[in-house]
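Structure, as structure tokens:
Protein chains in written order, with our numbering: chain A, 83 to 481; chain B, 305 to 618.
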């Protein structure tokens, strides 16, 4: 295992630190709360000559992704970062980046979308981009945000994949929350990510290529089929790279992580920082003899439905916690609930646990251990009685 | 900046063509002519970014391409930024020793829709940051690719499908945006206006633009016979008339110094240029005729201002 240095870093600084070590060829980014710290920390690295990166301080997030697309098509290793409205402004180009198969890595510090204007955490921003063709990975804490950023480079650039990666963490909660982070040595990170050699480049002057041709009904469909085929290979690659990274750092990564799940009767499924709170609740309730477990998906796109069904099929009731609403979906549920229900329908042989959705934490609303505990008690009642009082509930909402 | 201003037609004709025939541009379209003039003016290797528009769709229908140089299309509004990204990648990769420095030039083609309207912010940002890109606006004065809708480059009185000439409204009711001046106001090293009718002037301007130490912008008058309504064979004639009437003056702003490149011996009335195009036909009805005078007044006013700026008024 490689030597590591322990640092006190917040999630944004941890990502900036990973970016410094990766030392991409080009970074084009626009500051937005709560991602700003990533861009300004990285700018300082550039100003201090600590990285040999071409930094483009663009005039908008749309321009950030536009420049990333140009730079990536030119064969450069490219990174950026954004949040919320910035991600929404990129919407058009997110699809273009994925469809041109450009392995751009973007850190997203999750923040609620307007209106009302809000700078705090929820997942509406990256959930709105979940069908854009990007790989999406969620981090629970600054350590995971750091580790995922490094692994994202390898996942994106894997020859079987060649797709952009969005690496998420929760705005303010972990983005601005200082924690103990084990940081690899620069050399170890550089060796892990290796050199990027693009398959095709705009700068191949002698063998000119056309990027971004247009295609109608005669070819477009096949492009999309290839794109979804590449995405289907992502889980395997994420696992391989997570294992390799584990051997290097001692921190192993998979598609999801489970806690006290093997013999659980009820399970909580939740993304990102709230998994930490939920783990505390599970630990407490286990001490009281309650058979509750936790599953925290790490890879969200492509959704590892088959693997999640395998891990959860033995439980009686699942409480999904969604930090965004998929507006207009069944019962006004969240996207994680939708994906999990679809996964059970697809892979569960027509059988599966009861699944209830709990919308929480919108616009940065605090989620308390007591609220999660109350939710678990409700799941236990459903397990006992078989009666589901509602399909979509709310935690911490004034009604 | 000193560039080779001698252009030998025989030599030009013997150079390998970077823009292949067989593209889908309309008969008589100025864009194909201009792109060939631009590319043959440049001896250095080039990478081209093109905004969504006629040129893009007519040259890149998968699985064919008319581009014998590296080429990228990203979206409608962001071609300048795409090229800026390519330029940044080039700088980084050369600095890191990953590729050789071959003095590559970065070229952008965008229509007036992409330049005057939807993409203005992206161009402005790229110019402010000083990327070494040459942005060429192929200005055909409307959204021709989607079927002739008005843009902010469309002149007063022109009929388009979203500024149609009707019983009470005589086509577009506003004058055009002074985009060349707006670009010059960015204080970039080179800004110019050109027309394919004056090809030697155009090609020298392209050479100056690629030699500039920073961003450059050339607004090129790009006749569209479908939208302007005239015979396909008269493209260059109509373009020349725009220059001769001073509707489209040829000038350049080199490191802040304004210079008039062509002064017609006799300034023709703008009516001659208007008359050559069906898009202004309705202006010749008695009830709308006053607009011709208004257009002439606008042209005169801009021409006088330009003469003054270029030190031609002494």
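C-beta: ideal position from N, C-alpha, C; glycine also. Small disclaimer: the values here were computed from a predicted structure and weren't measured.
When C-beta distances to chain B are compared with 9 Å, every residue of the segment 310-334 of chain A stays at or above that value.
Annotation: the continuous beta strand (DSSP E) that includes residue 523 (chain B) extends over 520-525. Neighbourhood of residue 372 (chain B) in chain A, by CB distance below 9 Å: 290, in chain order.
Residue 104 (chain A) sits away from residue 236 (chain A), with the two beta carbons spaced by 8 Å or more. Proximity of residue 125 (chain A) to chain B, defined by a Cβ-Cβ separation below 8 Å, is not satisfied. In the displayed model, residue 170 (chain A) falls within a helix according to three-state DSSP. DSSP places residue 354 (chain A) outside both helix and strand once states are collapsed to three, so it counts as coil. Remark: C-beta atoms of residue 342 (chain B) and residue 510 (chain B) approach each other more closely than 8 Å. Under DSSP, residue 439 (chain B) takes part in a beta bridge, and its partners are B:412, B:521. Looking at the backbone, the Cα of residue 241 (chain A) and that of residue 463 (chain B) are separated by about 52 Å. In the structure shown, residue 249 (chain A) adopts extended strand secondary structure according to DSSP, grouped into three states. Of all C-beta pairs linking the segment 325-333 of chain A to the segment 370-387 of chain A, fewer than three are shorter than 8 Å, placing the two stretches out of contact.
Spatial neighbours of residue 334 (chain A) in its own chain (CB-CB distance under 7 Å, excluding positions within 5 residues in sequence) are listed in chain order as 324, 325, 328. In terms of Cα proximity to residue 216 (chain A), the closest of A:248, A:435, A:163, A:207 is A:248. C-alpha of residue 405 (chain B) to C-alpha of residue 519 (chain B): approximately 19 Å in a straight line. Residue-level contact check: residue 407 (chain B) does not touch chain A, since none of the beta carbons of chain A fall below 8 Å from its beta carbon. When secondary structure is reduced to three states using DSSP, residue 349 (chain A) falls in the strand class.
Among the bridge pairs identified by DSSP, residue 318 (chain B) is matched with none. For residue 433 (chain B), the enclosing alpha helix (DSSP H) covers residues 424-433.
Note on geometry: alpha-carbon atoms of residue 432 (chain A) and residue 361 (chain B) lie some 48 Å from one another. When 8 Å is used as the limit between beta carbons, residue 429 (chain B) is near these residues of chain A: 140, 141, 142, 145, in chain order. Of all residues in the segment 528-559 of chain B, none is placed with a Cβ closer than 9 Å to any Cβ belonging to chain A. For the set B:548, B:560, B:322, the Cα lying nearest the Cα of residue 292 (chain A) is the one of B:322.
Ranked by how close their Cα comes to the Cα of residue 92 (chain A), the residues A:228, A:336, A:313 have A:228 in first place. In this structure residue 188 (chain A) is buried. Its beta-carbon is surrounded by 16 or more other beta-carbon atoms within 10 angstroms. At a Cβ-Cβ threshold of 8 Å, residue 600 (chain B) and residue 574 (chain B) count as neighbours.
Boundaries around residue 462 (chain A) are those of the alpha helix (DSSP H), 451-467, since no beta strand (DSSP E) includes it. Proximity of chain B to residue 134 (chain A) at the Cβ level (cut-off 7 Å) is accounted for by 399, 400, in chain order.
Below 8 Å, too few C-beta pairs join the segment 459-473 of chain B and the segment 433-444 of chain B to call them touching: fewer than three.
Judged by beta-carbon spacing, residue 170 (chain A) lies within the 8 Å limit of residue 195 (chain A), meaning their Cβ atoms are closer than that value. Residue 301 (chain A) sits exposed, since fewer than 16 C-beta atoms from the chains shown fall within 10 Å of its C-beta. A Cβ-Cβ contact shorter than 8 Å links residue 212 (chain A) with residue 417 (chain A). Secondary structure at residue 87 (chain A): strand, using DSSP grouped into helix, strand and coil. Cβ atoms of residue 379 (chain B) and residue 356 (chain B) come within 8 Å of each other, at about 6 Å. Residue 361 (chain B): member of the alpha helix (DSSP H) spanning 358-363, first to last residue. A straight-line Cα-Cα distance of about 10 Å links residue 539 (chain B) and residue 335 (chain B).
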